[in-house]
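As structure tokens, the structure follows; a few thoughts come after it.
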Amino acid sequence: MATGLKELTPRSENYSQWYNDLVIKADLAENSAVRGCMVIKPYGYAIWEKIQAELDRMFKETGHQNAYFPLLIPKSFMCREAEHVEGFAKECAVVTHYRLKNDPDGKGVIVDPDAKLEEELIVRPTSETIIWNTYKGWINSYRDLPILCNQWANVMRWEMRTRLFLRTAEFLWQEGHTAHATSEEAMAEAVKMLNVYADFAENFMAIPVIKGVKSANERFAGAIETFCIEALMQDGKALQAGTSHFLGQNFAKAFDVKFITKENTQDYVWATSWGVSTRLMGALIMTHSDDNGLILPPKLAPYQVVIIPIYKNAEQQAAIAEKVAEITDKLKKAGISVKFDNNDTKKPGWKFAEYELKGVPVRLAMGMRDMENNTIEVFRRDTLTKETMPLDGIETHIQQLLDDIQANIFKKAFDYRSSVTRNVDSYEEFKVEIEKGGFLMCHWDGTPETEEKIKNETKATIRCIPLEGDKTPGKCMVTGKPSAQRVIFARNY
RNA sequence: CGGGAUGUGGCGCAGUUGGUAGCGCGUUGCGUUCGGGACGCAGAGGUCGCAGGUUCGAGUCUUGUCAUCCCGACCA
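Sequential numbering from -8 applies to the first sequence in the numbering used here.
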């Protein structure tokens, strides 16, 4: 069994280094010439496309349409909503000029000082402002509502420190922006999309998540309520995997978006926004993968099966290729995506290691021995086990195997999370336990001050106030004041 | 913005008191191999981040500068 051959730093030695190594060696992404901005390589982008395709289908099924809004936002838009500007101002890239010219010294080009913009433009860190400015023109009556739009886009947040996929200056995401006639309807929308995200995370990414509400400290800048799904990585740190915001009438008021109600009165429009980003790639990697490389859930793998021929000469290669064509055909008809790697310049052993590193769920190997016996070697990535199977009915077997892998990696992640989620009732105990990682379920008095104190002293934050599960009241572990229910504390990415 | 470090073939690195720029991986060709990252032989590839200074001579000493990385601070 291949171990230690891929020069991946083991997780136990340095989890962070392991992650970085893996992203590079599995060919997912690399750092670019632009500080903080990554190049997503074809294999990594193929996974993102799978994520996109499935989410896009789910959004459309829930009545949303895609649209596209500008990359650049007038600076003045940013300060319309007070909290919003507070939250994003420090990390905005700004466009100040619109032209370059040749350097008079003859060295390259310079920004043309004569081409200064009247009003600077912000590279969008998120699109609420430009979208609500636009919605103003679309909404007059309750008959124009609801508006259910989503946009697939890139955004830019000038982060001090970046990490591939987890935090980059530019990232890809989708942002849904909806407008409603009532508070109830907007709230229902925010919750609906939270459920879509949770469904996607668990059933496609095989990542167990906890649905919850953010505390005031962690709330989106400009939101009344922020819902989120929180995932737990293998090193015991939490990762926010998606958010859905109930924005109330904040943006409608900031951009003066009113409508005539059925009763012929005027009211401001109610809003939501919700998004997930390429950060999901980071969550995917850190939830499932091991010291041998990536482990991909079959539902998101660019190809679910790779077939590797083993031969000694051209005749054997041709014979195997012919046989493999039949197998590929059967698998494809069963709806399984297959790659046949007949590249003659790489050897079988090299390919085995390579596809293991890239997390292909199932690997089939076909050599002369199998040709004679009408069998094939079947290897599953999640357990690193292999067996020789008869070729008859192989497509049924593989289909079951893929389902099994999908279920197995979810269960593994779920069991791990369960094993590191525990109740903690005293602050002293909390300080000890937080060092071990995982989710700590604690009582909290609901005040930002207490949360701030805990954060400053332990680097742990409230990941969310869970929507489901134990609702027993208690006493705050720090102040002893009443607490409505346990909330989740963790250190996070 | 504070603290630390590093810039040398594509990648990872070594380079002693200043004296002909090296190693591993990768890469190209040929041959033997091929059921878990094969081996042999032969080759290609570097203005040593950039600018100045000291010196007969600088990858090495010196001044400046730029960039990147790590630790903080910051982070929906």
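Here a beta-carbon is modelled for each residue, glycine too, at the ideal position from N, C-alpha and C.
What number of angstroms, rounded off, separates the C-alpha of residue i from the C-alpha of residue j?
i, j, result
"residue 253", "residue 470", "49 Å"
"residue 468", "residue 80", "35 Å"
"residue 373", "residue 400", "7 Å"
"residue 438", "residue 297", "53 Å"
"residue 259", "residue 159", "35 Å"
"residue 15", "residue 357", "29 Å"
"residue 6", "residue 340", "27 Å"
"residue 285", "residue 0", "13 Å"
"residue 131", "residue 51", "25 Å"
"residue 346", "residue 69", "46 Å"
"residue 379", "residue 218", "47 Å"
"residue 126", "residue 251", "15 Å"
"residue 485", "residue 38", "Given that the chain is displayed from residue -8 to residue 484, the structure contains no residue 485 and the question cannot be resolved."
"residue 312", "residue 300", "7 Å"
"residue 55", "residue 446", "38 Å"
"residue 364", "residue 306", "18 Å"
"residue 221", "residue 381", "43 Å"
"residue 61", "residue 116", "12 Å"
"residue 186", "residue 398", "20 Å"
"residue 262", "residue 182", "13 Å"
"residue 71", "residue 42", "34 Å"
"residue 129", "residue 248", "9 Å"
"residue 44", "residue 180", "21 Å"
"residue 215", "residue 436", "20 Å"
"residue 386", "residue 4", "40 Å"
"residue 475", "residue 161", "39 Å"
"residue 281", "residue 13", "9 Å"
For residue i, which of the options has the nearest alpha-carbon?
i, options, result
"residue 123", "246, 390, 204", "246"
"residue 265", "277, 292, 289, 236", "236"
"residue 442", "457, 478, 410", "478"
"residue 109", "95, 480, 65", "65"
"residue 67", "295, 4, 114, 40", "114"
"residue 434", "447, 440, 417, 446", "417"
"residue 188", "161, 232, 19, 225", "232"
"residue 197", "175, 83, 315, 289", "289"
"residue 393", "384, 371, 375, 406", "371"
"residue 309", "335, 287, 322, 323", "335"
"residue 424", "449, 408, -2", "449"
"residue 194", "451, 464, 465, 395", "395"
"residue 432", "201, 377, 214, 287", "201"
"residue 121", "75, 103, 155", "75"
"residue 27", "49, 337, 148, 3", "148"
"residue 87", "93, 73, 215, 104", "104"
"residue 482", "8, 155, 430", "430"
"residue 89", "63, 82, 83, 95", "63"
Going by the beta-carbon positions, is the gap between residue i and residue j smaller than 9 Å?
i, j, result
"residue 388", "residue 369", "yes"
"residue 119", "residue 242", "yes"
"residue 411", "residue 227", "yes"
"residue 145", "residue 157", "no"
"residue 178", "residue 53", "no"
"residue 142", "residue 59", "yes"
"residue 230", "residue 34", "no"
"residue 212", "residue 21", "no"
"residue 404", "residue 279", "yes"
"residue 223", "residue 407", "yes"
"residue 350", "residue 24", "no"
"residue 112", "residue 100", "no"
"residue 31", "residue 269", "yes"
"residue 421", "residue 343", "no"
"residue 333", "residue 315", "yes"
"residue 413", "residue 225", "no"
Would you kindly report the start and end of the unbroken beta strand (DSSP E) that includes residue i?
i, result
"residue 487", "Outside the displayed range of the chain (-8 to 484) lies residue 487, so it cannot be described from this structure."
"residue 409", "Premise fails: residue 409 lies in the alpha helix (DSSP H), 385 to 410, not in any beta strand (DSSP E)."
"residue 235", "229 to 239"
"residue 431", "430 to 434"
"residue 447", "From DSSP, residue 447 is part of no beta strand (DSSP E) but of the alpha helix (DSSP H) over 439 to 449."
Could you give the first and the last residue of the continuous alpha helix (DSSP H) run that contains residue i?
i, result
"residue 121", "119 to 129"
"residue 175", "174 to 194"
"residue 321", "305 to 324"
"residue 41", "33 to 52"
"residue 69", "66 to 69"
"residue 79", "73 to 79"
Quiz item: At a cut of 8 Å, does the stretch 101 to 108 reach the stretch 129 to 139 through at least three beta carbon pairs?
Solution: no
Quiz item: Are there three or more Cβ pairs, one per stretch, closer than 8 Å when the stretch 284 to 296 is compared with the stretch 309 to 328?
Solution: yes
Quiz item: Three or more C-beta pairs closer than 8 Å, one from the stretch 452 to 468 and one from the stretch 190 to 207: is that the case here?
Solution: yes
Quiz item: Does the stretch 165 to 176 touch the stretch 271 to 289, meaning 3 or more C-beta pairs lie closer than 8 Å?
Solution: no
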